[in-house]
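Participant: Take 79 as the starting number for the sequence shown in my numbering and just add one per residue.
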Amino acid sequence: MDKVYEGKAKIVYRTEDPDKYILYFKDTATAFDATKKAQIVGKGELNNTISSLIFDMLEKKGIKTHFIRKLSQREMLVWRAKRFDVEVVVRNITAGSLCKRLGIEEGRLLHKPLVEFFYKNDTLHDPLLCYEHILLLELLKEEQVSVLKKTALEVNEILKDFFKERGLLFVDFKLEFGELPDGKIAIVDEISPDTCRLWDAKTGEKLDKDRFRFDLGDLIEGYKKVLERIQTL
Ligand code: TMP
Ligand code: ASP
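1) Would THR172 and GLY185 qualify as a contact pair, given that the criterion is a beta-carbon distance under 8 Å?
2) Name the residue from ASP105, LYS104, MET154 and LEU202 whose alpha carbon lies nearest to the alpha carbon of ARG92.
3) Opposite VAL193 in the DSSP bridges: which residues?
4) Which two residues bound the contiguous beta strand (DSSP E) that contains GLN117?
5) Where does GLU306 sit, in a helix, a strand or coil, going by DSSP?
6) What is the DSSP secondary structure of THR143, reduced to helix, strand or coil?
7) In this structure, how does DSSP classify PHE241 when only helix, strand and coil are distinguished?
8) So is HIS144 buried or exposed if we call it buried at 16+ other beta carbons inside 10 Å?
9) With DSSP collapsed to three states, give me the class of LYS198.
10) Taking the beta carbon of PHE292 as the centre, do at least 16 other beta carbons fall within 10 Å, making it buried, or is it exposed?
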């Protein structure tokens, strides 16, 4: 197949339809700007399955995504999109870079969700962006910043409830956005335990990529627990 782009965890392929691409989920796990890297058999399949289930659910709730359908164990059919070079992070509970940056403890429940923008730029190590930085770099127009923030908060409410009903705490997550061939803004990339922090509500066990980042336990075991929970109900 004709490759459009290869990232750390996925490959994008062209199809016969110029408006549709195939996302191929690899078994590669990376962290800290890919300074930590491993092949983890089964990860691609799990992330494709989990992502497809979440995208399908969001679409049914009226959230625009690039998802068309799951094609195979490792492949997802998506709409072609012009991706914005920003990552939108929403946090419900303190963790990760927020704790490091502000010197606060992990696990504090935030009174209201916190939205952050990061510059998708490996050379610069994906720095945090102020609103004015986004405009200065012309990464987004003013009204697009509002649309992305509003959509990210809507997705947060949907997913927070969805995971809560399944005994999982939705700590934080990252979204990417792009413009579809019809000009509409949509969520692109993936929504999986690679891009979300999910903790078991009873035990506090971390079931996401922090298992790999900080050697907390078998990654596949965690991701399988997430899939089992979201497949039921
Ligand atoms: P952070 O606390 O490291 O900033 O991460 C916030 C959320 O974003 C967390 O759910 C993990 C996700 N994330 C990604 O999806 N890709 C990344 O490259 C990073 C650094 C975080
Ligand atoms: N995936 C990112 C990288 O490899 C970082 C992360 O998710 O922690 O750089």
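The beta-carbon is built from N, C-alpha and C at its ideal position, and this holds for glycine as well.
Facilitator: This is what the structure holds:
1) Indexing the sequence shown from 1 puts residue 172 at position 94. Indexing the sequence shown from 1 puts residue 185 at position 107. The answer is yes: Cβ separation under 8 Å.
2) For the purposes of this step, residue 92 is taken as residue 14 along the sequence shown, with counting starting at 1. It is MET154.
3) Translated into positions along the sequence shown, residue 193 becomes position 115. Paired residues: VAL168.
4) Numbered from its first residue, the sequence shown carries residue 117 at position 39. Element bounds for GLN117: 114-117.
5) Position 228 of the sequence shown, counted from the first residue, corresponds to residue 306. Under the three-state reduction of DSSP output, GLU306 falls in the helix class.
6) Taking the first residue of the sequence shown as position 1, residue 143 is located at position 65. Strand.
7) By 1-based counting over the sequence shown, the position of residue 241 is 163. Here PHE241 sits in helix by DSSP.
8) The residue given as residue 144 occupies position 66 in the sequence shown. With 16 or more other Cβ atoms within 10 Å, it is buried.
9) The residue you call residue 198 lines up with position 120 of the sequence shown. DSSP places LYS198 in coil when its eight states are reduced to three.
10) By 1-based counting over the sequence shown, the position of residue 292 is 214. When all chains shown are included, PHE292 counts as exposed.
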